[in-house]
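A short worksheet on the structure shown next.
Residue numbers (UniProt numbering): 1 to 146.
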């Protein structure tokens, strides 16, 4: 017997998993692993826990793989920022293109909200990279990007 699975069915499965509360513990476990490996400190893990809670207060339908990538990047970006380390700048053309996205304002609002959850000062290149991640997640959530 052959079963055909389309993207819509896979998205429904992922959304059901999220609604059952499986993704949130996986994200928190990922943060615990980074903390256990001494890649992030207590302040960073506390901030990232707040961010995970913030996202799930907004919606349970975030794309799991992208959330895992985002929360890992956020944790490492926060750690780098605390140490004064700065990533390379994002190309201006990419940022200009990002600002044209239908989800840009929503993503910018989300980023502004989560950055208010910490006293850690993020340099512009890190903020730009985080914004790219959030735009992608918003687009996937809305079905605009696969």
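Where a beta carbon is used, it is the ideal one built from N, C-alpha and C, also for glycine.
Assigned secondary structure, residue i (DSSP; H/G/I helix, E/B strand, else coil)
| i | result |
| --- | --- |
| residue 83 | helix |
| residue 112 | helix |
| residue 22 | coil |
| residue 12 | Because the pLDDT at residue 12 is just 45, under 50, the model does not fix this residue reliably, and the value given afterwards should be weighed accordingly. It is helical. |
Local Cβ density within 10 Å of residue i, reported as buried at 16 or more and exposed below that
| i | result |
| --- | --- |
| residue 52 | buried |
| residue 23 | buried |
| residue 32 | exposed |
| residue 110 | buried |
| residue 107 | buried |
| residue 94 | exposed |
| residue 136 | buried |
| residue 63 | buried |
| residue 81 | buried |
| residue 119 | exposed |
| residue 139 | buried |
| residue 3 | Its pLDDT being 45, under 50, residue 3 is placed unreliably in this model, and the value from its coordinates should be taken loosely. Per the 10 Å Cβ criterion, exposed. |
Worksheet item: For the 8 Å Cβ check, are there 3 or more pairs between the stretch 88 to 107 and the stretch 28 to 47?
Response: no
Fill in: Within the UniProt domain "PRD" (39 to 144), ranges of the alpha helix (DSSP H) (whole runs, at least 4 residues)
42 to 58, 64 to 83, 92 to 98, 104 to 115 and 124 to 141
Item to complete: Indicate whether the contact test is met: 3 or more Cβ pairs, each with one atom in the stretch 70 to 84 and one in the stretch 115 to 132, closer than 8 Å.
Response: yes
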